Amino acid sequence: MKPLIVKLGGSVITNKRRRFTVKRATLTRLARELSAAKGPLVIVHGGGSFGHPVASKYGIAGGYKSKDQLMGLSLTHRAMERLNAHVIEALQKASLPAIAVQPSACAVVSGGRIQSMELAPIQKMLALGLVPVLYGDAVPDLSKGMSILSGDQLVAQLACELGTKRVILGVDVDGVYTVNPKTNKNAELIQEISLSNWPLVEKRLTGVVEERDVTGGIANKMCELLALVERGVEAEIVNAAKPNILRRAILGERGLGTRVVAR
Ligand code: IP8
């Protein structure tokens, strides 16, 4: 059986306004919702207020320019490890046998893109019934020296390589909107994004991302997902900040947020 891949967005599990702050109650609830999965599961989480501020301070995404960025990479990675420890602990409390997998130690990255990834340990973990948990990470980069590998890119890579049929991305709004729904009441939810309507949708998206993450906004997310659905994988962006939405999506319900489709 192919694994389901679920991404927990950084804005769902951390308080983006307060550095290094986990939304503990949300994480506890999401761990319980994830435990509803019937088959093999891979979890990826984003950086939120752990990885992004540190990566941004040291300009990690721009590549290696000066020696102080080495400490920056080390600190960014450590911040992600700390967040990952919170996630793993919450999953364990929900009886999921979660195990951390360090992306910077198994992905070969060049120009910010994964060139290859060692997946044998992850495949064995899944075969055993473990739940691998990966995260956006600060990584050595073959051409830029260093870069940031986003959780979204990891989701796409893992889905292709593990033969996943469906990926679910949990965010803190109901899906993709025409404008930022937190600040504009005229925001319209886009129910379906496809390869054909994306150029038009992209033009309509204005100010959807309020604080830009070091890994870019919704356009980058959509690039990863559209490339994925082109290969026959289903993708849906749902509101994981609302109780039970992620659980329902995991149990197979469709149309709970924005679906990304090939047609
Ligand atoms: O939040 C970025 O991952 P993302 C992780 O999935 C870091 O874009 C280290 C900033």
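Numbers 523 to 785, taken from the working numbering, label the letters of the sequence shown in order.
Here a beta-carbon is modelled for each residue, glycine too, at the ideal position from N, C-alpha and C.
The structure presented is a predicted model; accordingly, all values stated were derived computationally and were not measured.
May I ask whether a heavy atom of the ligand IP8 can be found less than 7 Å away from the beta carbon of residue i?
i           : result
residue 736 : yes
residue 681 : no
residue 569 : yes
residue 740 : no
residue 608 : no
residue 594 : no
residue 627 : no
residue 672 : yes
residue 602 : yes
residue 763 : no
residue 598 : yes
residue 659 : yes
residue 577 : yes
residue 581 : no
residue 779 : no
residue 532 : yes
residue 573 : yes
Mind checking residue i: buried by the 16 CB within 10 Å criterion, or exposed?
i           : result
residue 752 : exposed
residue 510 : For residue 510 there is no data in the structure shown, the boundaries of the chain being 523 and 785.
residue 549 : buried
residue 555 : buried
residue 547 : exposed
residue 758 : buried
residue 543 : exposed
residue 672 : buried
residue 564 : buried
residue 620 : buried
residue 767 : buried
residue 775 : exposed
Would DSSP call residue i helix, strand or coil?
i           : result
residue 705 : coil
residue 534 : helix
residue 571 : helix
residue 751 : helix
residue 579 : helix
residue 671 : strand
residue 726 : helix
residue 770 : helix
residue 781 : strand
residue 626 : helix
residue 596 : helix
residue 526 : strand
residue 554 : helix
residue 711 : strand
residue 677 : helix
residue 590 : helix
Just grab the DSSP bridge partners of residue i for me.
i           : result
residue 620 : 653
residue 546 : DSSP lists no partner for residue 546.
residue 760 : 692
residue 566 : 529, 656
residue 635 : 632
Any chance the CB of residue i is under 7 Å from a heavy atom of the ligand PLP?
i           : result
residue 619 : With respect to the ligand PLP, the structure shown offers nothing to examine, as its ligands consist of the ligand IP8.
Using 8 Å as the threshold, is the region 560 to 578 in touch with the region 604 to 618, meaning 3 or more CB pairs across them? Contact between the region 560 to 578 and the region 604 to 618 is present, because at least three Cβ pairs lie under 8 Å.
Can you confirm whether the region 762 to 770 touches the region 686 to 702 when touching is taken to mean that 3 or more C-beta pairs between the two stretches lie within less than 8 Å? Touching, yes, given that three or more Cβ pairs across the two stretches are closer than 8 Å.
For the pair the region 621 to 630 and the region 577 to 594, tell me if three or more CB-CB distances fall below 8 Å. The region 621 to 630 makes no contact with the region 577 to 594, as fewer than three CB pairs between them are under 8 Å.
Could you tell me whether the region 645 to 655 touches the region 712 to 722, using the rule of 3 or more Cβ pairs below 8 Å? No, the region 645 to 655 is not in contact with the region 712 to 722.
Is there contact between the region 775 to 785 and the region 696 to 707, where contact requires at least three CB pairs shorter than 8 Å? In short, these stretches touch, since the Cβ pair count reaches three.
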